[in-house]
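Each remark here refers to the structure printed beneath this line.
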Amino acid sequence: MSPQPEGLSPPAASPGHVTGAAPVLEIHDVSKSFGPVQALKRMELAVTPGRVHTLLGENGAGKSTLMKILAGVFPPSGGTIRLNGKDYLPRDPKDAAAHGVSIIFQELSLSRNLTVAENIYANREVNRFGFIQDRKLNEDAAQLIRDLGLPLDPRARVADLSIAKRQLVEIAKGLSHPTRLVIMDEPTSSLSDSEAEILFRIIAKLKAQGVGIIYISHRMDEIMRISDDITVMRDGEYIRTLTRDEADINQLIALMVGRPMQDIYPRRETPAPAASVAPVLAVNKLNAAGLFHDVSFTVRPGEVLGLFGLIGAGRSDVMKAIFGMLPHEGEIQVAGKPVRIASPSDAIRNGIAFVTENRKDEGLVLAHSVERNINSVALGSFANALGFMHPRAEIANAGEEVRRLSIKTANLNTAARNLSGGNQQKIVLAKWLAIKPKVLILDEPTRGVDVGAKFEIYKIIRELATQGTAIVMVSSELSEILGMSDRVVVMHNKKIVAERQAAGLTQELVMRDAAGVDSE
Amino acid sequence: MKNFASSHTVRQYGGIVAALIVLCVIFSVANPRFLQVNNFLNIMQQVTVVAIAAFGMTYVILLGEIDLSVGSIIAVAGMVGAQCFAFGLGFVPTVVITLLSGVVMGGINGFVSAKMRLPSFIVTVATMGIFRGVVSLPTGGLPAPINNDTWLLLSIDDLFGVPLMVWILAVLFVFNWVLLSKTVFGRRAYLTGGNREAAIYSGIRVDRLKIVIFMISGVMSAISGILLSSRLSSAQTNSGMGYELDAIAAAVLGGTSLAGGAGSMIGTLLGALMIGVINNGMNMLSVPYFYQLIVKGVVIILAVWLDVRSKSSRA
């Protein structure tokens, strides 16, 4: 390992390296460019066996590029990578796995129509003369799942699993071969707290076995909890490495965004609507067989209602029912009048908008332009009575939303897939704002969104509430629920178990409700 | 902005226009008569039947679906026309009934696929056979002569020196181009083809859209059927056989994505022209038919490959 160019640290340690033990992975002066775009510049990183090394940075900071280099998806443009002291340049992901490098992707890379077991051992199935031995495959998978303590059935078809369960399959897949270095890319972004706990137990076990772990996450509380070392990246560059004990949240955020961050959640400027204000949405004894029971709640104009629950509690299904995507019984009232909602178009006609939890599958046409996506819901309002589009009205609306929500895009014709997660989420918001919704339902509005963009999305939500939109925000991030809501409703086991005013509410109290622990 | 638009157009159609020019140069060198205005009109006229069906096919493929029953609908439409005339109906009612038969057949495709949740590939493989069987019902498999003069003149007459069929092609091109690229309906088709789930969440009634699009495909095929039976002066049980593949090839050559969500009428027209130029050029060089089939297949693969490559290298 060559001495650090700036010469600020003692010669024994290069930047990115904090402890004395021989690192399992050393990255020195690694760069990667795609044509004129420099995605990674002079990256430094050293991962020690038995320690969790967190990579922290906004989307676009270069974390994914680094991961893909380590996974063998593409080679670096320059620099050295050493694994256990030997030069490491994987040809492809299979080669990386053969070197004992496991990568757990956040982008779900599973085949939907195969079973859990088939996915875990994809491309290296137990076989005899090319014939797959199904029973052995399922036994191996069952053993692995037991060892890891995952609530999975090896024979279940992936298409039938929830997003959280699929992420657990991804984890099992990543750990299904002998490993010295595990890289986890936002593994908890789709997990509920209880499932995240399972993951943290697995991480502790891996640490005890002396495995080095690179951990990528946007959730500050869990980063502070499980990390040993933290390396901050910004704009493709190495910024700084700290140990967990040296670091504090505000400092990390400041390093990451390159400016001090005052508050994570924007403050409410006007008081929440009084209890006497008539609700704009009232749900009364809503039922869907097997999915949720007797769900009742109301939202007032200008109010942010937080809906919290562990994954599987039925939160998203309730929202889907209100939006006409699921058959249901019970009463839904909008502005005091009972309405019949049998399809999304009924919901939209009644002024209900729904930002779903899965923006890539349900929110966007990734191949289409920013403009087409923004205008996709309110199409009719950019057309004359005969259904002919007014291109100028389309451009004007898309341009205005891009400015208003500060969506970062090269131009209106850029394909949505080329934008970062945060900006994609803003496009989904923009398409719904075009119908001027009375009720805006947000399901996991900041999933996979970096800290800077998160704050901007929170600001938009606040602003909408101030303008009188009723907001229902479903989230599995407790701090987000507490930071944004005026009132919190908690679901557990397909029922609403608690409704609380946000003032004075603590994470512990909400968590007890959500976990079904009787308080009081 | 202007600059961007033109570079976008070049990117979109550059490949196929270049391929068309290369083919035209080759054929003109080999046979100077190829480059005459008359021959161009001749190509347009030969292309019309496939191009009109391909316009309908463009919506279907754009939606991420496929319609293999197009050739059979062409034959049924001709037979419906012949039977109406045999029954003593006049030109206008016969045209109306023939077009309606296209709507009904397309509607069956769309309805079965949407409401019974069956892939359109399977549904239209089945109806391709069913409709082909239906053609033979009135005559027991024999051709039915048509002697309505107006109907026959459709493929013979000129207007301002341009064949009537080419006028019909032009009118239908403009109609479909406007419908697809300038209306709410067209936007919904792109959106649904691009991401069906997102379209459902955006409040689009995707089942209804699918049925309507298959109806359009049916009606376009019926128009093709009218023109084909006019050229043949009769309805034949095997007419239009294999036309579905030419229609698909035209749309795909023109850049319509089989995955859905991308494509255009201009592209499809260019794609149909390309197929027409290949057929016409090789006929003029007296290339035997079986060689024509081989060359056509190779050219289609090359053209689509070039097109895909030029687009992906931009990403």
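Taken in sequence, the protein lines are chains A and B. The numbering of the first sequence is the UniProt record's numbering, which starts it at 1 and goes up by one. The numbering of the second sequence is the UniProt record's numbering, which starts it at 1 and goes up by one. Just so it is clear, CB atoms sit at the ideal spot from N, CA and C, and this is done for glycine as well.
Residue i to residue j span [Cα, whole Å]
{"i": "residue 224 of chain B", "j": "residue 300 of chain B", "result": "22 Å"}
{"i": "residue 438 of chain A", "j": "residue 126 of chain B", "result": "47 Å"}
{"i": "residue 249 of chain A", "j": "residue 484 of chain A", "result": "19 Å"}
{"i": "residue 159 of chain A", "j": "residue 116 of chain A", "result": "10 Å"}
{"i": "residue 322 of chain B", "j": "residue 55 of chain B", "result": "It is not possible to answer for residue 322 of chain B, since the shown part of chain B is limited to 1 through 315."}
{"i": "residue 31 of chain B", "j": "residue 279 of chain B", "result": "14 Å"}
{"i": "residue 456 of chain A", "j": "residue 309 of chain A", "result": "24 Å"}
{"i": "residue 283 of chain B", "j": "residue 249 of chain B", "result": "20 Å"}
{"i": "residue 277 of chain B", "j": "residue 23 of chain B", "result": "8 Å"}
{"i": "residue 114 of chain A", "j": "residue 134 of chain A", "result": "12 Å"}
{"i": "residue 109 of chain B", "j": "residue 149 of chain B", "result": "33 Å"}
{"i": "residue 90 of chain A", "j": "residue 78 of chain A", "result": "14 Å"}
{"i": "residue 526 of chain A", "j": "residue 72 of chain A", "result": "Any answer about residue 526 of chain A is impossible in this case: the structure gives chain A only from 1 up to 520."}
{"i": "residue 197 of chain A", "j": "residue 52 of chain A", "result": "16 Å"}
{"i": "residue 146 of chain B", "j": "residue 77 of chain B", "result": "13 Å"}
{"i": "residue 101 of chain B", "j": "residue 154 of chain B", "result": "19 Å"}
{"i": "residue 164 of chain A", "j": "residue 151 of chain A", "result": "11 Å"}
{"i": "residue 17 of chain B", "j": "residue 273 of chain B", "result": "10 Å"}
{"i": "residue 227 of chain B", "j": "residue 233 of chain B", "result": "10 Å"}
{"i": "residue 425 of chain A", "j": "residue 365 of chain A", "result": "12 Å"}
{"i": "residue 144 of chain A", "j": "residue 136 of chain A", "result": "12 Å"}
{"i": "residue 90 of chain B", "j": "residue 81 of chain B", "result": "10 Å"}
Per-residue burial, residue i [other beta carbons within 10 Å of its own, 16 or more giving buried]
{"i": "residue 246 of chain A", "result": "exposed"}
{"i": "residue 121 of chain B", "result": "exposed"}
{"i": "residue 213 of chain A", "result": "buried"}
{"i": "residue 244 of chain B", "result": "buried"}
{"i": "residue 157 of chain B", "result": "exposed"}
{"i": "residue 74 of chain A", "result": "exposed"}
{"i": "residue 337 of chain A", "result": "exposed"}
{"i": "residue 83 of chain B", "result": "buried"}
{"i": "residue 443 of chain A", "result": "buried"}
{"i": "residue 285 of chain A", "result": "exposed"}
{"i": "residue 21 of chain B", "result": "exposed"}
{"i": "residue 187 of chain A", "result": "buried"}
{"i": "residue 331 of chain A", "result": "exposed"}
{"i": "residue 489 of chain A", "result": "buried"}
{"i": "residue 486 of chain A", "result": "buried"}
{"i": "residue 174 of chain A", "result": "buried"}
{"i": "residue 305 of chain B", "result": "exposed"}
{"i": "residue 289 of chain B", "result": "exposed"}
{"i": "residue 86 of chain A", "result": "exposed"}
{"i": "residue 74 of chain B", "result": "buried"}
Residue i, enclosing beta strand (DSSP E) - first and last residue
{"i": "residue 401 of chain A", "result": "Unbroken run through residue 401 of chain A is the alpha helix (DSSP H), 391 to 404; no beta strand (DSSP E)."}
{"i": "residue 339 of chain A", "result": "337 to 339"}
{"i": "residue 36 of chain B", "result": "Where residue 36 of chain B is concerned, there is no enclosing beta strand (DSSP E), given that its DSSP letter is neither H nor E."}
{"i": "residue 78 of chain A", "result": "78 to 83"}
{"i": "residue 104 of chain A", "result": "101 to 104"}
{"i": "residue 475 of chain A", "result": "470 to 475"}
{"i": "residue 245 of chain B", "result": "That residue, residue 245 of chain B, is in no beta strand (DSSP E); its alpha helix (DSSP H) goes 243 to 253."}
Sheet register partners of residue i (DSSP bridge)
{"i": "residue 492 of chain A", "result": "A:495"}
{"i": "residue 500 of chain A", "result": "A:488"}
{"i": "residue 145 of chain B", "result": "B:234"}
{"i": "residue 47 of chain A", "result": "A:25"}
{"i": "residue 150 of chain B", "result": "Beta-bridge pairing links residue 150 of chain B to no other residue."}
{"i": "residue 98 of chain B", "result": "For residue 98 of chain B, which the question treats as bridged, DSSP gives no partner whatsoever."}
{"i": "residue 197 of chain B", "result": "Partner(s): none; residue 197 of chain B has no beta bridge."}
{"i": "residue 125 of chain B", "result": "Residue 125 of chain B pairs with nothing; no bridge assigned."}
{"i": "residue 331 of chain A", "result": "A:284"}
{"i": "residue 215 of chain A", "result": "A:54, A:184"}
Continuous alpha helix (DSSP H) stretch holding residue i: start and end
{"i": "residue 228 of chain B", "result": "206 to 232"}
{"i": "residue 456 of chain A", "result": "451 to 466"}
{"i": "residue 513 of chain A", "result": "507 to 514"}
{"i": "residue 85 of chain B", "result": "70 to 87"}
{"i": "residue 147 of chain A", "result": "134 to 148"}
{"i": "residue 379 of chain A", "result": "Run containing residue 379 of chain A: none; DSSP gives neither H nor E here."}
Minimum Cβ-Cβ distance from residue i to chain E less than 8 Å
{"i": "residue 288 of chain A", "result": "Absent from the structure: chain E. Protein chains present are A and B."}
Every unbroken alpha helix (DSSP H) within the segment 219 to 287 of chain A, with a cutoff of 4 residues, ordered by chain: 220 to 226, 249 to 257
Every unbroken alpha helix (DSSP H) within the segment 154 to 213 of chain A, with a cutoff of 4 residues, ordered by chain: 163 to 174, 193 to 208
Start-end ranges of the beta strand (DSSP E) lying completely within the segment 291 to 328 of chain A, minimum 3 residues: 292 to 299, 304 to 309
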